[in-house]
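**Student:**
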Amino acid sequence: MTRAAFQALYDAAGRLVAETPALRDFGTWPSMPAFRKRKPTVIPAIQLITARPDPPLCSPAQSAFLAALRTAAPFARWYRSYKRAQVGRDFLDRYGWFELLGPSGHFRSDAARAYVAYWGDGLVYPDHAHAAEEIYYVVAGGADFASDGVPSATLAPGDTRLHGSWQSHAMTTTTSDILTLVLWRGEGLAGKPMLLETTP
Ligand code: ZN
Numbered sequence: 249m250t251r252a253a254f255q256a257l258y259d260a261a262g263r264l265v266a267e268t269p270a271l272r273d274f275g276t277w278p279s280m281p282a283f284r285k286r287k288p289t290v291i292p293a294i295q296l297i298t299a300r301p302d303p304p305l306c307s308p309a310q311s312a313f314l315a316a317l318r319t320a321a322p323f324a325r326w327y328r329s330y331k332r333a334q335v336g337r338d339f340l341d342r343y344g345w346f347e348l349l350g351p352s353g354h355f356r357s358d359a360a361r362a363y364v365a366y367w368g369d370g371l372v373y374p375d376h377a378h379a380a381e382e383i384y385y386v387v388a389g390g391a392d393f394a395s396d397g398v399p400s401a402t403l404a405p406g407d408t409r410l411h412g413s414w415q416s417h418a419m420t421t422t423t424s425d426i427l428t429l430v431l432w433r434g435e436g437l438a439g440k441p442m443l444l445e446t447t448p
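To convert, count from 1 in the sequence shown and add 248; that's my numbering.
1) Using three-state DSSP, classify residue 408 as helix, strand or coil.
2) Residues in the same chain with beta-carbon distance under 6 Å from residue 394, minus the five sequence neighbours each way, listed in chain order, please.
3) Count the other CB atoms within 10 Å of the CB of residue 430; is the residue buried (16 or more) or exposed (fewer)?
4) In angstroms with no decimal places, state the Cα-to-Cα distance between residue 447 and residue 435.
5) So, for residue 309: in the same chain, excluding its five sequence neighbours on each side, which residues have a beta-carbon less than 7 Å away from its beta-carbon?
6) Mapping the DSSP letters down to three states, classify residue 426 as helix, strand or coil.
7) Looking at the unbroken beta strand (DSSP E) that takes in residue 281, where does it start and where does it end?
8) Count the other CB atoms within 10 Å of the CB of residue 251; is the residue buried (16 or more) or exposed (fewer)?
9) Buried or exposed: where does residue 444 fall if 16 or more other Cβ atoms within 10 Å of its Cβ makes it buried?
10) Can residue 347 be considered in contact with ligand 1, in the sense that its beta carbon sits closer than 8 Å to one or more heavy atoms?
11) Short check: CB of residue 392 to CB of residue 408, under 9 Å?
12) Hey, how far is the Cα of residue 318 from the Cα of residue 415?
13) Is there at least one non-hydrogen atom of ligand 1 closer than 8 Å to the beta-carbon of residue 435?
14) Going by DSSP in three states, residue 402 sits in which element: helix, strand or coil?
15) Would residue 350 pass as a contact of residue 432 if the rule is Cβ separation under 9 Å?
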């Protein structure tokens with residue numbers, strides 16, 4: 249059951265990559281990585297994700313991704329990278345991410361890394377940076393993205409945003425939450441997982 253839910257999620261993520269040129273060009277999406285059982289962690293955001301309806305104008309691949317995520321979310325190994333003193337309790341109660349694919353992911357790969365990450369509405373995810381290059385894909389909801397050296401942008405479902413190695417970036421949700429698929433490549437791939445590194 250768990251395995252099937254994660255497989256459905258992985259396959260839907262692969263469809264999103266295949267149909268989104270920016271994701272397709274970012275790196276190779278492994279076709280059949282090994283599944284690994286990871287101990288689930290319970291965080292409050294799971295309930296927000298499982299109760300979340302599909303957004304209007306949802307594509308078939310986005311809808312398949314969201315359906316699989318609702319089933320898999322309670323079995324995922326969720327992380328939160330911050331302490332309450334840094335971002336406050338409300339942030340921690342409405343945020344979380346897990347590694348779907350990668351060196352320590354539910355699917356194992358040393359050549360690619362992908363995360364599922366969620367933030368509730370009205371949250372400020374402060375400036376941070378990391379060695380790996382990164383691309384965000386919005387599956388549902390939206391947010392304002394700000395990064396060093398380029399204009400800010402408001403992203404909606406289907407949109408992508410690229411962050412270079414050590415390029416400082418921040419994200420703010422306003423009236424909507426945001427559910428994202430995040431791919432990594434390059435130096436940080438073998439390093440610490442998402443968001444654990446901060447601006448040097
Ligand atoms: Zn980042």
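In this text, a Cβ means the ideal position worked out from N, Cα and C, and glycines have one as well.
**Tutor:** Let me lay it out:
1) strand
2) 400, 418
3) buried
4) For residue 447, the pLDDT reaches just 38, beneath the cut-off of 50, and the residue's location in the model is therefore unreliable, leaving the point undetermined.
5) 260, 263, 264, 267
6) The DSSP-derived three-state label of residue 426 is strand.
7) Unbroken run through residue 281: none, as it is neither H nor E.
8) exposed
9) Caution applies to residue 444, whose pLDDT of 46 falls short of 50 and renders its modelled position unreliable; the model cannot decide the point.
10) no
11) no
12) 32 Å
13) no
14) strand
15) It is a contact, given that the beta carbons lie within the stated cut-off.
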